[in-house]
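Written out below as structure tokens is the structure these notes cover.
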Amino acid sequence: MINRGNFQHPVFASAGATRAFEKALEEACQRYRWRVHAYVVLSNHFHVALETPEPNLVDGMHWLPESINNKQRDPVDRPHG
Numbered sequence: 002m003i004n005r006g007n008f009q010h011p012v013f014a015s016a017g018a019t020r021a022f023e024k025a026l027e028e029a030c031q032r033y034r035w036r037v038h039a040y041v042v043l044s045n046h047f048h049v050a051l052e053t054p055e056p057n058l059v060d061g062m063h064w065l066p067e068s069i070n071n072k073q074r075d076p077v078d079r080p081h082g
């Protein structure tokens, strides 16, 4: 799975944004029963190598970016200081 920011704009410019991605990916694995083999987060996109035991990749790919955005907005998930 690959997801890229619009016009190559940074979407993971901070450690908090990367943490939001990692939390959302972990939740996606639980929700959709995905098995992640590897992932990499770059400033404007990510790659994930995963298995889907159920035919739900499209559902998860719709859910994941929304969840990442929600986590970045949630003050509980933001770094303090």
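The sequence shown begins at 2 in this note's numbering and counts up one residue at a time.
Just so you know, even glycine gets a beta-carbon here, dropped at the ideal spot from N, CA and C.
Inter-residue spacing [alpha-carbon to alpha-carbon] between residue i and residue j
i, j, result
"Arg34", "Leu26", "11 Å"
"Lys24", "Thr53", "18 Å"
"Leu58", "Gln73", "23 Å"
"Pro11", "Phe47", "11 Å"
"Pro56", "Phe13", "28 Å"
"Val49", "Phe22", "11 Å"
Nonlocal neighbours in the same chain, by C-beta distance under 8 Å from residue i, ignoring five residues either side
i, result
"Ala29", "Trp35, Gly61, Trp64, Leu65 and Ser68"
Residues of its chain near residue i, where Cβ-Cβ distance is below 6 Å and the 5 sequence neighbours each way are ignored
i, result
"Leu43", "none"
"Tyr40", "Val49"
Enclosing alpha helix (DSSP H) for residue i [first to last residue]
i, result
"Glu52", "Counting along the chain, Glu52 falls outside any alpha helix (DSSP H), though it belongs to the beta strand (DSSP E) covering His46 to Glu52."
"Arg84", "Because the chain is modelled from 2 through 82, residue 84 falls outside the range shown and cannot be assessed."
Close Cβ partners of residue i (< 7 Å) along its chain, the five nearest in sequence each way excluded
i, result
"Leu51", "Met2, Trp35, Arg36, Val37 and His38"
Beta strand (DSSP E) segment containing residue i, residue limits
i, result
"His10", "Counting along the chain, His10 falls outside any beta strand (DSSP E), and DSSP gives it neither H nor E."
Check: Looking at C-beta atoms only, is the number of pairs between the region 18–25 and the region 52–71 that lie closer than 8 Å three or more?
Finding: Result yes; three or more Cβ-Cβ pairs closer than 8 Å.
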